[in-house]
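Residue numbering for the sequence shown follows full-length UniProt numbering, beginning at 1 and increasing consecutively.
Below: one structure, written as structure tokens.
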Amino acid sequence: MALSRRSGNRFQGAIWPGYVDAVTGLLMVLTFVLTIFMVVQFVLRETITGQETELDQLSSEVTLLSRALGLERDRANQLEQSLDRTSGALDQAREELATQSALIASLTQQRADQDRALAQARADITNFEAQVATLLSERDAARGTVADLTAERETLLSDKEALELALATAREEIDAGQEAARLAAARREALEALIADLERQAAEGEDARGVLSDRVADLETALSDEEKARLAEAAAAEALREKLANADAELTAMTLALEEERRKAEETLTLLAAAEEAQEDLDLRLAAALLNLNESTGQVSEIEAQLQAARDQLALAEQGASDRDAAVAQLQADLAAAQARASTLQAQLSDTEETRGGLAAQLAQAEAGQAELQARLDAALAASDGAEALRQDKAALEASMADLRARLTAALAAQNAAQADQVDRDDLRDQLAAALAAKLKAEQAAETTLSEAEQRAALLAQARSNLAEEQEQSAEAARRTALLNQQVAQLRTQLGSLQSLLDDYKARDAANQVQIQSLGTDLNAALAQKAAEERRRRELEEAERKRLEAERDQLEKYRSEFFGQLRDVFAGQAGVQIVGDRFVFSSEVLFAPGSADLSQAGQQQIAGIAATLRSLAAEIPQGIDWMLRVDGHTDDVPLSGLGEFRDNWELSQARALSVVRYMVDFLDFPPDRLSANGFAEFQPIAQGTSEEARAANRRIELKFTER
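Below is the structure:
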């Protein structure tokens with residue numbers, strides 16, 4: 001109806017009757033375009049934000065994959081190190097097995113040696129027993145012989161005693177007969193002398209013949225009686241002589257028999273002594289044999305104990321060796337399995353390396369894709385910057401639309417006003433033309449925006465496809481990582497079993513350390529012996545120190561005596577004094593200034609000292625190694641160097657040497673008891689540079705000390 005009303009007369013002159021409808025449709029299209037633009041912008045913003053989040057997630061996943069790859073590399077290195085350690089432990093186990101095998105061989109050899117020694121000892125024991133049986137039989141035979149010889153000796157001794165008794169009786173009878181014959185002969189000789197004397201007296205005096213005749217008759221009567229008695233005695237003596245001769249013959253026979261018996265007795269005694277010696281020898285040999293038998297029995301017992309211990313050790317060693325062999329076989333089997341697993345792991349590791357290479361390539365591709373995505377993201381961000389420009393254009397368009405609305409409102413107002421005034425129609429037409437141009441421009445801008453949005457959508461689709469591919473690759477890498485983790489876990493389990501086997505072997509090997517403990521015991525015994533030797537050495541050192549102290553005390557006593565005698569000799573002499581254990585001479589007393597030649601007075605004083613020391617040396621024990629040290633000292637005045645001596649060193653040494661040579665060359669003092677030393681001016685006894693101090697420092701010191 002409005003249109004019908006507008007179709008009145010006052011609207012008949014309008015240029016475009018559907019202008020309002022066209023403007024309304026244009027505004028609706030523009031609103032729809034702006035709505036689509038805003039929706040597309042929101043979708044693009046969400047897409048870009050999602051892409052940034054996905055890119056961050058991809059970056060974190062790539063980082064995690066890189067870390068996981070590094071961890072897998074570290075684990076692979078650790079597995080290689082573990083494999084190396086296992087190989088080293090296996091080599092060590094093989095070395096220990098070789099050592100144990102050598103030990104078993106040495107123990108076997110030792111057992112064989114001990115068996116041979118035991119067999120030899122048993123043979124020696126058998127020989128000893130045979131020798132002992134022989135010696136016992138010989139001893140019994142010797143005892144029987146000794147008993148027979150003893151009985152024979154007793155018989156011979158009884159016969160000897162009877163013969164000696166008969167011989168003594170015969171000797172007594174012979175001695176009595178000889179004594180009677182001797183008395184008769186003496187009596188006869190006395191009678192004959194008396195007759196001779198009487199005859200001489202008868203010849204001298206005839207007057208006494210009658211008396212003498214009577215006496216002669218008496219004497220003849222007496223002589224006849226004596227003669228009868230003498231004859232009887234002579235007959236008795238003759239009979240006695242015959243008897244004595246017979247007795248001598250019997251005695252000779254008895255003596256011969258006695259000598260024979262004595263010889264037999266001596267032989268018997270010799271045999272008896274030999275038998276006793278043989279018996280003693282047999283007893284000694286028997287005792288030695290019994291001792292050797294006891295020792296051999298002890299040695300056999302000890303050897304049997306050692307053999308039993310060796311057998312036990314050998315059994316333990318064989319058991320340990322069998323256990324070790326089984327353990328080694330098990331270890332070798334485990335090693336073979338471990339080597340197989342190691343080869344498998346090596347193959348898996350190579351596969352892992354290849355996989356890791358593929359993952360690295362894929363990671364590089366992912367990084368390239370990430371770079372491309374980053375570039376695309378940058379492009380998208382740039383596009384978002386373009387969208388921002390579009391938003392700005394949109395805002396400008398909205399401002400333009402507002403302006404157009406304002407203008408449209410103004411145009412409508414103008415149109416309303418133009419209804420009243422036709423003059424303004426041209427201006428309105430121009431404004432409508434401008435509005436249409438702006439509409440066309442806005443439609444072109446909307447089409448451009450739609451084309452850019454399509455490009456962004458295509459880029460987002462490509463980015464999503466790349467992201468899906470990266471996710472698939474990440475999932476594949478995760479699956480491979482899980483598989484590698486499972487393989488690593490299996491390898492760790494195998495290594496744990498190997499470690500448990502090695503621990504079991506170590507536990508078994510610890511049970512075979514008895515010999516090492518015995519070696520430790522021997523070492524402790526050796527250390528104890530070493531400590532005892534060290535204690536003995538310290539005791540000897542202490543004894544030597546005490547001896548040296550005693551010698552030092554004795555030397556101190558003789559030194560005191562020596563200085564006491566010298567003090568008496570040089571009492572009251574100027575330039576000579578005793579300071580402590582030194583005898584000090586002033587240089588002016590012994591030498592001329594600047595000279596090393598001993599003066600006449602100095603020679604006399606040195607001779608007195610040598611005589612005193614020589615008399616005292618005879619009392620010093622030989623064990624004290626004493627000596628007389630001669631020290632030369634000067635003052636601090638340096639020499640010019642133009643004279644005989646260059647400096648005080650040479651002067652002090654020359655003076656000390658002059659004293660020593662004088663004592664050796666002229667006083668026959670033993671040179672091995674002397675020592676010459678020079679100290680120049682560096683050991684003064686008086687400080688200062690005065691004449692008195694310098695004179696005190698110019699000196700010769702004699703010190704009685706030990707070497």
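Yeah, the Cβ is synthetic: ideal placement off N, Cα and C, and Gly gets one too.
Keep in mind that this is a model prediction, so the values were computed, not measured.
**Report entry** Pairwise C-alpha distance: residue 23 and residue 381
**Finding:** In this prediction, residue 381 has a pLDDT of 49, which is less than 50 and means its spatial position is unreliable; what the coordinates show is noted afterwards. Going from the Cα of residue 381 to the Cα of residue 23 covers about 36 Å.
Query raised in the report: Can the beta-carbon of residue 702 be found closer than 8 Å to that of residue 676?
Result: no
Report task. Report the partner residues of residue 630 according to the DSSP bridge assignment. Result -> 676 and 702
Report task. Measure how close the beta-carbons of residue 635 and residue 681 come, nearest whole angstrom, since I'm counting them as under 8 Å. Result -> 6 Å
Requested in this report: Pull up the distance between the alpha-carbon of residue 137 and that of residue 145, whole angstroms please.
Outcome: 12 Å
Query raised in the report: Just how far apart, CA to CA, sit residue 717 and residue 89?
Result: No information on residue 717 is available, as it lies outside the stretch 1 to 707 that the chain covers here.
Query raised in the report: If residue 587 and residue 700 are in contact, beta carbons under 8 Å, what's the gap, nearest whole angstrom?
Result: 6 Å
Query raised in the report: What three-state label does DSSP hand residue 666 in the structure shown?
Result: coil
Query raised in the report: Could you give the C-beta distance for residue 694 and residue 637, rounded to a whole number, given that I count them as a contact under 8 Å?
Result: 7 Å
Requested in this report: Measure the alpha-carbon distance for residue 44 versus residue 51 and round it to whole angstroms.
Outcome: 10 Å
**Report entry** Under the three-state DSSP convention, the category residue 645 falls into
**Finding:** coil
Query - Beta carbon of residue 639 nearer than 8 Å to that of residue 674 - result: no
Query raised in the report: Does DSSP put residue 42 in a helix, in a strand, or in coil?
Result: helix
Query raised in the report: Who pairs with residue 591 in a beta bridge, going by DSSP?
Result: 598
Report task. Measure the beta-carbon distance from residue 598 to residue 662 and round it to whole angstroms, keeping in mind my assumption that it falls under 8 Å. Result -> 5 Å
**Report entry** Own chain, CB closer than 8 Å to residue 647, minus 5 neighbours either side, in chain order
**Finding:** 638, 639, 641 and 680
Requested in this report: Flag this pair as yes or no: are the beta carbons of residue 607 and residue 589 separated by less than 8 Å?
Outcome: no
**Report entry** Spatially closest choice to residue 686 from 38, 73, 633 and 48, by CA coordinates
**Finding:** 633
Requested in this report: Identify, in the order they occur along the chain, each residue of the same chain with its Cβ nearer than 6 Å to the Cβ of residue 582, setting aside the five sequence neighbours on each side.
Outcome: 701 and 703
Query raised in the report: residue 706 and residue 625 look like a contact to me (Cβ under 8 Å); what is the Cβ gap, rounded to whole Å?
Result: 6 Å
Report task. Identify whether residue 689 lies in helix, strand or coil by the three-state DSSP scheme. Result -> coil
Query raised in the report: So, helix, strand or coil for residue 125, using DSSP?
Result: helix
Query raised in the report: Quick one: Cα of residue 42 to Cα of residue 32, how far?
Result: 15 Å
**Report entry** Given residue 666 as reference, the closest of 654, 86 and 610 once Cα atoms are compared
**Finding:** 610
Query raised in the report: When we look at the beta-carbon of residue 47 and count the other beta-carbons within 10 Å, is it buried (16 or more) or exposed?
Result: buried
Requested in this report: Output the distance between the C-alpha atoms of residue 552 and residue 537, rounded to the nearest integer angstrom.
Outcome: 22 Å
Requested in this report: Just the C-alpha distance for residue 622 and residue 125, rounded to the nearest angstrom, thanks.
Outcome: 57 Å
**Report entry** Pair within 8 Å by beta-carbon distance, residue 653 and residue 688
**Finding:** no
Report task. Check each candidate in 540, 480 and 526 and name the one with the smallest Cα separation from residue 72. Result -> 480
Query raised in the report: If you draw a straight line from the alpha carbon of residue 387 to that of residue 66, how long is it in whole angstroms?
Result: No answer about residue 387 holds up, because its pLDDT of 47 lies below 50 and its placement is not dependable.
Query - Best match in 669, 664 and 651 for proximity to residue 616 [C-alpha to C-alpha] - result: 669
Query - Helix, strand or coil at residue 683 [DSSP, three-state] - result: coil
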